[in-house]
Amino acid sequence: MARFLKNRSAAQGKSPGSLVFIGKQKTDAVSIRLIQYHEQFFEDIRVSSVKELRERRREGTVGWIDINGLHDTELIAQVGEAFDIHPLTLEDIVNTGQRPKAEEFEHYISIMIKMMRLEHKDGRIHSEQLSIIQGSDFLITFQEKPGDVFEPVRERLRSVKGRHRKSGTDYLAYTLLDTIVDNYMILIERLGEQIEAMEPQIIDSPGPELLNTINENRRELHFLRTSVRPGRDALRELSRLQTDLIGSSVSFFLRDLNDLATQAVEAMDTYREMLKDQLESHGASSANRLNETMKFLTVFSVVFIPLSLLAGIYGTNFTHMPELQFRYAYPIFWGVLIVVAGCMVWIFKRKKWL
Amino acid sequence: MARFLKNRSAAQGKSPGSLVFIGKQKTDAVSIRLIQYHEQFFEDIRVSSVKELRERRREGTVGWIDINGLHDTELIAQVGEAFDIHPLTLEDIVNTGQRPKAEEFEHYISIMIKMMRLEHKDGRIHSEQLSIIQGSDFLITFQEKPGDVFEPVRERLRSVKGRHRKSGTDYLAYTLLDTIVDNYMILIERLGEQIEAMEPQIIDSPGPELLNTINENRRELHFLRTSVRPGRDALRELSRLQTDLIGSSVSFFLRDLNDLATQAVEAMDTYREMLKDQLESHGASSANRLNETMKFLTVFSVVFIPLSLLAGIYGTNFTHMPELQFRYAYPIFWGVLIVVAGCMVWIFKRKKWL
Amino acid sequence: MARFLKNRSAAQGKSPGSLVFIGKQKTDAVSIRLIQYHEQFFEDIRVSSVKELRERRREGTVGWIDINGLHDTELIAQVGEAFDIHPLTLEDIVNTGQRPKAEEFEHYISIMIKMMRLEHKDGRIHSEQLSIIQGSDFLITFQEKPGDVFEPVRERLRSVKGRHRKSGTDYLAYTLLDTIVDNYMILIERLGEQIEAMEPQIIDSPGPELLNTINENRRELHFLRTSVRPGRDALRELSRLQTDLIGSSVSFFLRDLNDLATQAVEAMDTYREMLKDQLESHGASSANRLNETMKFLTVFSVVFIPLSLLAGIYGTNFTHMPELQFRYAYPIFWGVLIVVAGCMVWIFKRKKWL
Amino acid sequence: MARFLKNRSAAQGKSPGSLVFIGKQKTDAVSIRLIQYHEQFFEDIRVSSVKELRERRREGTVGWIDINGLHDTELIAQVGEAFDIHPLTLEDIVNTGQRPKAEEFEHYISIMIKMMRLEHKDGRIHSEQLSIIQGSDFLITFQEKPGDVFEPVRERLRSVKGRHRKSGTDYLAYTLLDTIVDNYMILIERLGEQIEAMEPQIIDSPGPELLNTINENRRELHFLRTSVRPGRDALRELSRLQTDLIGSSVSFFLRDLNDLATQAVEAMDTYREMLKDQLESHGASSANRLNETMKFLTVFSVVFIPLSLLAGIYGTNFTHMPELQFRYAYPIFWGVLIVVAGCMVWIFKRKKWL
Amino acid sequence: MARFLKNRSAAQGKSPGSLVFIGKQKTDAVSIRLIQYHEQFFEDIRVSSVKELRERRREGTVGWIDINGLHDTELIAQVGEAFDIHPLTLEDIVNTGQRPKAEEFEHYISIMIKMMRLEHKDGRIHSEQLSIIQGSDFLITFQEKPGDVFEPVRERLRSVKGRHRKSGTDYLAYTLLDTIVDNYMILIERLGEQIEAMEPQIIDSPGPELLNTINENRRELHFLRTSVRPGRDALRELSRLQTDLIGSSVSFFLRDLNDLATQAVEAMDTYREMLKDQLESHGASSANRLNETMKFLTVFSVVFIPLSLLAGIYGTNFTHMPELQFRYAYPIFWGVLIVVAGCMVWIFKRKKWL
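Chains as they are written, first to last, in this note's numbering: chain A, 15 to 368; chain B, 15 to 368; chain C, 15 to 368; chain D, 15 to 368; chain E, 15 to 368.
So this is what it looks like as structure tokens:
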């Protein structure tokens with residue numbers, strides 16, 4: 015299956031606005047986790063249905079509802095109804111091949127962004143769509159499968175200290191996005207280290223393995239870019255929204271986050287060019303090696319070919335070859351061979367071929 | 015004939031504004047299909063003339079007139095007259111080499127866009143111009159030949175359920191465009207799968223077949239781009255029109271469609287760069303192979319050339335060659351051959367050529 | 015002489031604003047042709063002087079004055095005086111290396127554009143500057159030499175039918191420009207057909223002739239672009255002018271023409287990239303061939319070299335070579351040769367070199 | 015460690031806004047240097063704590079506080095408190111992987127920029143973040159380690175003459191930035207000299223050392239660009255700030271500085287292209303050499319191969335070879351060899367291979 | 015020394031705004047030339063000091079003060095004082111590595127631009143900074159060394175005819191700039207002729223000399239671009255200034271000059287691409303040649319190798335080789351050789367290698 019594009023064929027022929035999950039079913043049962051907090055209060059529970067979610071929701075707290083798994087479109091529709099989410103937003107949530115974006119609706123902001131993760135089992139970067147619905151007192155995150163990079167955020171929410179517990183959903187949304195972009199930077203950095211580490215080998219030992227590594231790095235960087243670039247655009251859209259749902263202090267943080275995302279994109283561009291340079295240098299170095307090899311072969315052949323001919327000539331069986339009978343013909347023959355070879359070497363030395 | 019450009023020579027010398035069909039005559043008789051519906055009503059008939067079309071047209075319904083075949087310019091002119099379509103629009107309709115665009119006229123919107131289709135008989139993507147004239151209660155589609163990708167839309171119109179039957183011509187136009195763009199995505203995806211599938215072969219087994227495949231993919235992608243890029247621009251123009259003919263809810267859908275088209279263009283750009291990278295990697299890999307071959311040839315030649323010279327020397331017929339009479343000269347000769355070859359191999363091993 | 019740039023040296027040292035004809039004198043005598051028409055009237059005459067031109071000019075008609083040849087700067091100056099044309103415009107007219115542009119003056123619009131023509135004698139595209147001065151009731155065209163692409167326009171003017179005779183100078187200017195841009199499209203199309211036709215040969219039979227063709231196509235496309243691109247810009251400027259000299263209906267046509275010019279530029283860009291791809295593919299295919307050749311040479315050499323050594327060894331004249339006397343030594347020798355060759359071939363087959 | 019990106023992993027999981035030093039601990043103890051001056055007064059002292067700093071600070075003077083070393087985040091926080099610096103600014107200061115930028119806060123301007131230095135010990139360019147906090151009567155500079163390029167600035171401050179002592183913090187900030195950008199120019203210039211100096215060698219003696227040098231220059235230029243480009247953007251932002259903290263005369267100087275930074279970026283772009291050209295020329299020159307080598311080998315082999323065959327034929331031991339007994343067979347044989355070789359050489363001469 | 019960048023190291027450590035001449039001292043003594051004119055008056059004198067200049071200056075005339083040589087910063091400072099020129103402008107004048115620009119000051123306009131000249135002694139283009147200070151009734155030009163391209167301008171000033179003597183300093187500034195840009199065009203044209211002239215050789219006879227020429231052309235074009243591009247920007251800035259110092263008629267001429275500069279930049283871009291194409295074609299052609307050479311070597315070797323083996327086999331000294339005694343063995347042997355060679359050639363012919 016194409017790694018760079020989600021399979022849209024499944025959704026074809028369906029009316030626009032209908033919920034069709036695109037992608038592989040990544041988790042068995044959909045899990046709902048509810049974290050509620052205000053300055054003096056913190057609760058972290060798992061609920062099993064939208065009905066239970068509604069009952070357990072406490073007034074006056076900030077509620078973070080984390081939904082893992084998107085294939086149960088029935089449940090997604092119920093969540094949509096419970097929180098009054100527009101059908102198009104719901105479609106974007108289940109359609110995980112969505113382009114990252116930020117949109118404002120009447121009583122919420124929707125943010126679609128890619129969460130990137132290095133899977134250790136295949137050493138490749140995997141991408142997962144995270145949809146954030148930020149309302150005035152609730153924030154819903156939709157993930158494709160369990161496991162995310164938000165554990166530190168939950169940890170900070172648990173502790174009373176710090177700014178986190180005192181702030182609203184906008185700050186929560188910001189910290190989630192900040193964590194994601196930070197993660198981008200770490201992935202880029204790791205890739206960058208690999209890329210920079212290859213530099214010295216390229217001139218010294220070009221070869222198919224190195225070529226393979228360069229190619230893999232290009233592919234991974236390509237893959238990162240297809241998510242990070244539009245992600246930066248989504249953040250820019252977000253920070254330009256004129257909305258009451260984002261306080262002015264958080265706006266400020268968002269601008270800073272924008273700078274970081276821009277830096278991520280620039281870093282990727284730099285590494286892209288470095289990889290391009292590396293491939294070019296690899297080619298140049300390869301060509302140099304070929305030149306060396308050919309020069310070596312040529313010099314060697316050219317020195318020995320005349321000697322062989324001489325040997326061949328004195329190996330002929332002509333009856334009348336006066337040289338053959340000369341007393342010192344054989345040592346002289348050796349001498350001639352050595353002199354000819356020496357001349358050749360001397361000529362090549364002068365031509366700087368040796 | 016040029017596949018990327020329609021033949022304009024036919025229209026040369028004609029006054030601008032005159033109807034000249036550009037392209038091959040793709041269908042025999044022009045067929046007219048009329049679908050009329052409102053919430054409680056649905057009718058799907060074929061009519062044979064513009065006169066019949068007018069008689070069968072019902073007040074208070076949304077009418078979708080689908081015309082297949084453009085070579086009968088007489089009929090096109092009659093349709094134009096019946097629905098009061100501007101001459102320039104008519105010219106754009108029959109001139110199928112038109113750049114995709116959306117324009118607003120007094121009482122209708124005209125949209126020219128390319129419909130792409132993978133023909134199974136030659137495995138290549140074919141393109142056909144679709145012209146949409148969207149009025150307040152009618153929508154006319156002009157296609158070059160019968161057969162399209164709109165069967166699911168008609169199916170949804172037939173069933174009473176869903177939003178479709180309750181909505182006007184703007185929603186109908188949107189669903190048609192959505193189907194087209196969805197189709198772009200599916201074609202890109204299919205191409206993308208082929209492109210990504212080639213990756214592992216490039217380093218392992220470069221060769222002319224692979225090169226051929228890369229080239230074909232490039233050409234197909236090129237061909238797709240010449241239609242999809244301006245198509246995206248046309249959609250953008252459409253969503254920027256300030257017109258009563260498009261309701262606000264449909265506007266919203268159009269913006270979403272714009273995002274999808276942008277994603278399509280970005281995906282094509284990504285695949286374009288991947289193909290470029292693949293060609294470069296293919297070249298690098300090819301150069302590597304050449305290096306290996308040359309190294310092998312060089313090593314082999316260089317090891318055997320001195321041995322051949324030695325054999326040649328002792329094959330000469332000099333009368334006085336004392337070595338020849340020595341009792342163990344022959345085994346010693348073999349020994350020398352083996353030692354020389356061994357030294358050469360050892361030197362190459364040290365130089366890391368073996 | 016540089017084909018891409020006109021020779022400016024001739025004009026150097028002259029005061030700006032003075033009339034110096036740049037370019038080769040392309041026609042012997044300057045000819046003046048006057049076409050005058052209104053709905054009921056049409057006249058097509060040749061005049062020999064500006065004085066005669068003035069006398070023959072009829073009030074109430076649209077007058078198209080077509081001047082062929084620019085080297086008679088005296089006459090150009092007289093025309094300028096007669097129609098009150100700004101010195102800078104006159105300078106632009108005779109300075110045929112001018113960048114295409116459209117400018118509004120007090121009582122006229124000046125348009126400089128390139129007319130492209132495929133010369134059959136050398137198979138190359140030639141470019142000629144056309145300057146259009148469009149006033150309220152007159153339109154002057156300045157061409158470098160006789161012969162143009164406007165015959166169909168004159169034909170249409172002659173016939174009473176059609177829009178042409180009823181319209182003013184703005185429509186005339188539009189039809190001239192339309193003819194020129196149409197001609198661009200036809201040239202691009204012809205080039206495009208050649209380019210697309212080469213595709214299959216590139217992988218199958220790369221070689222110097224093909225390379226030559228690719229190069230010529232690149233050069234021709236380059237040459238086209240240097241005129242078409244700025245031509246498109248000039249048309250855009252023209253359609254943006256806020257002037258009474260262009261009626262609203264013609265404005266509409268001009269926008270359409272703009273679209274066509276944009277399409278021409280896009281088509282050229284597409285072909286440019288195709289040519290680039292073709293050169294790259296040619297290189298890759300060439301490299302493949304070299305690989306094949308080298309592999310063949312290597313395999314052949316490597317199979318025969320050891321055999322030659324063996325023959326050489328048994329050709330030595332050592333006195334004591336017991337093998338030589340063996341009864342079946344010679345057939346065994348042949349057997350050894352065949353076995354060694356067989357082993358080599360088998361090894362290469364396993365290594366997939368054969 | 016990646017040279018192009020600072021390690022952000024250290025900061026991961028921390029709440030945004032907390033101070034975590036990114037980068038290696040470059041100095042042992044953080045040093046604070048306080049320079050205070052007005053027209054008649056100048057003092058240059060070292061203080062050991064923020065408390066002492068406050069005590070020694072004199073009213074009515076311009077105070078330049080230079081802090082070397084950022085790992086003591088406790089001290090940075092104290093400085094932040096003492097001068098009322100926003101937490102986000104403090105975070106940017108210690109997070110040395112920051113993208114260069116200029117921001118206005120309520121009572122100060124923060125400028126983050128990279129200071130570039132050529133380290134003589136490894137011949138490479140090193141980069142260090144300089145953070146400038148410019149208030150109304152104080153200016154704080156944060157450097158990663160001791161040693162900077164500002165000694166001439168201090169020298170000018172010491173002397174009573176010149177504009178410096180009479181001006182405020184805005185002029186001081188400008189001179190620091192000017193020194194930094196001047197330094198960029200000098201580094202680019204030095205790199206440029208190396209790049210230009212290589213030109214003649216590329217065609218004459220391509221080879222791995224040259225390739226290495228080209229590569230190193232590319233890498234250094236790349237590294238410079240990642241700092242200088244965003245630095246230019248930061249300067250542009252700075253000169254666009256609408257603030258009372260920068261006087262109009264200094265604004266004027268800043269615009270001039272902007273020009274210089276633009277020139278630096280353009281110079282880098284020019285050298286980048288030159289390096290690209292050099293690599294391409296190197297490749298072309300390398301290919302030429304290979305061609306020469308191959309031609310030489312081919313000519314040599316082709317001349318000698320037939321001669322060897324002839325020698326081989328007359329070395330066969332057939333009983334009935336009438337030529338062998340001819341009286342002058344041997345000299346004739348030599349003659350044939352010479353004639354054949356002569357013919358070959360003559361053919362190659364005619365084909366222009368020699 | 016870097017040719018593309020002036021040496022800034024000399025100015026380092028100096029306070030911004032101090033006058034330090036950058037560049038080689040190109041002339042011995044600074045010369046001052048004063049041309050004064052109005053419609054009825056013309057005077058062309060040389061003065062030796064600023065004091066003399068002031069005394070000789072006549073009221074009511076346009077004064078063109080031409081200063082050759084910039085190393086005498088004392089004198090430059092005096093001129094600055096006499097005409098009330100801002101210190102930053104003076105700094106820009108002596109700092110000849112300045113980026114071309116146009117700036118408006120209170121009572122004058124400063125224009126920095128590069129004057130390009132083809133030096134016949136080394137066949138390379140040299141660049142010199144020209145600074146123009148245009149006041150209401152005086153215009154000062156600062157050149158690095160004597161000798162310029164303005165002789166025709168002075169000639170026209172001398173003659174009473176023409177517009178020149180009646181116009182003010184703005185027209186004078188325009189004619190100087192026009193001369194400079196015209197000169198750019200001529201240089202580009204000359205380079206272009208060389209570039210176009212090389213086209214036919216590239217496919218026919220690639221080689222190191224051609225490569226050298228391509229490279230030199232690239233370098234010269236590069237060098238031209240670093241001056242012409244920013245020069246165009248400076249002209250654009252100039253034509254956008256809202257100032258009383260430039261009359262409306264001259265504004266018009268400046269717009270025209272802008273067009274010419276744009277054309278110059280476009281021409282350079284075209285030639286740049288042509289050079290790029292040429293290098294690519296050279297590479298492709300080179301690869302083709304290598305292919306041909308290798309094919310020739312391979313065919314030749316492959317035809318002769320089996321023959322040599324056969325000769326070797328019948329040169330062995332086995333006692334029992336029945337073929338050797340056959341009566342017609344030797345002619346048969348020759349026959350076999352010829353048949354084998356013939357077969358090989360036939361196979362190669364069929365494979366289209368010959």
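By construction, the Cβ of each residue, glycine as well, lies at the ideal position given by its N, Cα and C atoms.
Short-range partners of chain C found in the region 307 to 318 of chain E, where Cβ spacing is below 8 Å: 308, 309, 311, 312, 315 and 316
C-alpha distance - residue 15 of chain E paired with residue 136 of chain E, whole-angstrom precision: Residue placement at residue 15 of chain E is poorly supported in this model, since its pLDDT is 42, which falls under 50; the coordinates still yield a value, given next. Going from the Cα of residue 15 of chain E to the Cα of residue 136 of chain E covers about 16 Å.
Chain-ordered neighbours of residue 240 of chain D on chain A, where CB pairs are closer than 9 Å: 280, 281 and 284
Chain-ordered chain E contacts of residue 277 of chain D [CB-CB under 7 Å]: 113
Residue 273 of chain E: contacting residues in chain C (beta-carbon distance under 7 Å): 113 and 115
Residue 179 of chain A - containing beta strand (DSSP E), residue span: Segment: none, residue 179 of chain A is in no beta strand (DSSP E) and carries neither H nor E.
Cβ pair count under 8 Å reaching 3, the region 299 to 308 of chain C against the region 297 to 307 of chain B: yes
Extent of the continuous alpha helix (DSSP H) run through residue 411 of chain D: This structure cannot speak to residue 411 of chain D, because chain D is shown only from 15 to 368.
Test: residue 331 of chain C CB closer than 8 Å to a CB of chain E: yes
Exposure of residue 345 of chain E, with buried meaning 16 or more beta-carbon neighbours within 10 Å: exposed
Start-to-end residues for the alpha helix (DSSP H) that takes in residue 124 of chain A: First-last for residue 124 of chain A: 123 to 133, but that is the beta strand (DSSP E), not the alpha helix (DSSP H).
Residue 298 of chain C beta carbon less than 8 Å from that of residue 236 of chain B: no
Contact residues within the region 340 to 354 of chain E, judged by C-beta distance below 7 Å to chain D: 341, 343, 344 and 347
Delimiting residues of the alpha helix (DSSP H) encompassing residue 279 of chain E: 262 to 327
Cβ distance (whole Å) where residue 111 of chain D is taken to contact residue 104 of chain D below 8 Å: With a Cβ gap of about 15 Å, residue 111 of chain D and residue 104 of chain D do not count as contacting.
CB contact below 8 Å: residue 259 of chain A versus chain D: no
Residue 320 of chain B: contacting residues in chain H (beta-carbon distance under 8 Å): Judged by its chain identifiers, the structure shown contains no chain H, and its protein chains are A, B, C, D and E.
The region 159 to 177 of chain A / the region 117 to 125 of chain A touching (three or more Cβ pairs under 8 Å): no
Residue-level contact to chain E via CB, residue 130 of chain D, 8 Å cutoff: no
Within 9 Å of chain D by C-beta, residues of the region 293 to 308 of chain A in sequence order: 294, 295, 297, 298, 299, 301, 302, 303, 304, 305, 306 and 308
Any alpha helix (DSSP H) of 4 or more consecutive residues that is wholly inside the region 134 to 174 of chain C: 165 to 172
Residue 266 of chain C at chain B interface by Cβ criterion, 8 Å: yes
Neighbouring residues, chain E, relative to residue 82 of chain C (Cβ below 8 Å): Those do not exist, as residue 82 of chain C stays about 25 Å from chain E at its closest Cβ, beyond 8 Å.
Local conformation of residue 48 of chain A per DSSP, three classes: strand
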